[in-house]
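As structure tokens, the structure follows; a few thoughts come after it.
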Amino acid sequence: MDISIYDNYSGAKRDFEISTSDDGFRTCDSLLAVICLEGKATFQLGRTEYEVKRHTFLVIAPKAMFRIKESNSKFRMDVLRVGESLFEIANDAPLKMLLNHMMYENPLYKLSEIKTKMFHFIHLYLSVMLKEKKNKYRNLIIYEYIKVLFWEACNIITEDMERLAGYGPEKMDITQKFFRCLDRHFKEKKPVSFYATELGITAKHLSQTLKKATGKLPSAWIEDYSLMEAKKLLRHSDNTIQEISYDLNFATPSHFSKFFKEKTGMTPKEFRKESEVTI
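Here our numbering is used: the first residue of the sequence shown is 200, the next is one more, and so on.
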């Protein structure tokens with residue numbers, strides 16, 4: 200199962216691949232969620248620094264460069280690693296949107312004391328459950344608890360977005376409806392105007408709303424959904440690259456390959472070969 204639980208990051212190098220550069224930065228192919236239980240530390244993600252202290256959680260996106268720049272002697276954290284294949288549990292469109300916002304727009308959030316305790320309890324429970332090899336319901340239980348963690352985190356994110364942006368129910372409704380519509384039509388419908396028409400608003404209104412809510416324009420989300428689906432199909436299906444390109448409504452396989460390489464730095468063929476090596 201593509202998930203690991205750590206106390207203060209112990210065992211991480213032993214359990215999965217993590218690369219460390221000469222300047223101390225690390226990268227991991229999985230999502231890392233850090234919950235601070237005591238003390239404080241300064242995490243650096245790329246060029247941005249975040250103060251992680253008691254009752255906060257930090258999300259480190261897959262392949263992001265990060266390091267713990269400094270920490271005090273009391274610093275203690277829970278760490279959850281979730282592999283990219285498990286992101287398929289996030290099959291609800293608003294949940295996908297909020298997870299992307301959490302990973303790439305605003306990775307640090309405050310927790311109440313009770314939520315910190317709850318997250319710590321789930322962390323402990325998952326740690327025990329991962330060792331129960333004979334439990335025939337083990338995988339199902341783990342998936343459901345990961346869903347609980349995702350939704351709890353997204354509730355915190357939603358409240359934070361509404362507070363900072365003065366976001367009312369009407370604008371949040373537009374955002375959620377866009378992602379539900381996108382989830383149904385992203386393969387065959389690329390123009391922003393299509394989604395605006397479906398929502399009964401102008402393309403300008405939709406773009407302004409999405410930009411304020413998520414930091415990204417609708418066109419960027421449409422591309423992101425195509426990219427996520429392409430990765431999933433390349434990793435988990437036997438479809439040819441030509442079949443995948445037509446399934447995602449690209450004019451030709453060469454158009455698809457160009458799009459994929461611009462987004463990932465690899466051709467679809469290179470990505471599939473690398474995935475076969477790491478699975």
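Glycine residues also receive a C-beta, built at the ideal position from the N, C-alpha and C atoms.
{"Check": "Exposed unless 16 or more other CB atoms sit within 10 angstroms - verdict on Asn448", "Outcome": "exposed"}
{"Check": "Within 9 Å, strictly: CB atoms of Trp350 and Leu381", "Outcome": "no"}
{"Check": "Own chain residues within Cβ distance below 8 Å of His454, not counting five before or after", "Outcome": "Ser444"}
{"Check": "Chain C within 9 Å of Asn338, Cβ atoms only", "Outcome": "No chain C appears in the structure shown, which is made up of a single protein chain."}
{"Check": "Helix, strand or coil at Leu325 [DSSP, three-state]", "Outcome": "helix"}
{"Check": "Residue span of the alpha helix (DSSP H) that contains Tyr445, given as start and end", "Outcome": "Ile440 to Asp446"}
{"Check": "Neighbourhood of Lys485 by C-beta distance below 7 Å, restricted to the same chain and skipping five residues each side", "Outcome": "The requested residue 485 does not occur in the structure, where the chain is confined to residues 200 to 478."}
{"Check": "For Cys235 and Ala450, the rounded distance between their alpha carbons", "Outcome": "48 Å"}
{"Check": "Three-way DSSP call (helix, strand, coil) for Tyr336 in this model", "Outcome": "coil"}
{"Check": "Cβ contact check for the region 392-399 and the region 339-356: 3 or more pairs under 8 Å", "Outcome": "no"}
{"Check": "Neighbourhood of Thr401 by C-beta, 8 Å cutoff - its chain only, sequence neighbours within 5 removed", "Outcome": "Ala395"}
{"Check": "DSSP-derived helix/strand/coil call for Phe449", "Outcome": "coil"}
{"Check": "Where the alpha helix (DSSP H) through Ser392 begins and ends", "Outcome": "Val391 to Leu398"}
{"Check": "Unbroken beta strand (DSSP E) run spanning Thr241, endpoints", "Outcome": "Lys239 to Leu244"}
{"Check": "Contact check, Ile259 vs Phe242, beta carbons under 9 Å", "Outcome": "yes"}
{"Check": "Backbone secondary structure at Glu269 - three-state DSSP", "Outcome": "strand"}
{"Check": "Where the beta strand (DSSP E) containing Asp206 begins and where it ends", "Outcome": "Ile202 to Asp206"}
{"Check": "Residue burial classification, Thr413 (beta-carbon count within 10 angstroms, cutoff 16)", "Outcome": "buried"}
{"Check": "Leu416 to Asn334 span [Cα, whole Å]", "Outcome": "45 Å"}
{"Check": "Leu310: first and last residue of the uninterrupted alpha helix (DSSP H) it sits in", "Outcome": "First-last for Leu310: undefined, no H or E at that position."}
{"Check": "Identity of the residues DSSP links to Lys252 by a beta bridge", "Outcome": "Lys239"}
{"Check": "For Phe470, the nearest candidate out of Glu442, Ala429, Gln441 and Ile356 (CA to CA)", "Outcome": "Ala429"}
{"Check": "According to DSSP, residues forming a beta bridge with Val258", "Outcome": "Ala232"}
{"Check": "Local Cβ density within 10 Å of Ile313, reported as buried at 16 or more and exposed below that", "Outcome": "exposed"}
{"Check": "Beta-carbon contacts of Val251 that lie in its chain and below 6 Å, excluding the five residues immediately before and after", "Outcome": "Cys235, Ala240, Phe242 and Leu257"}
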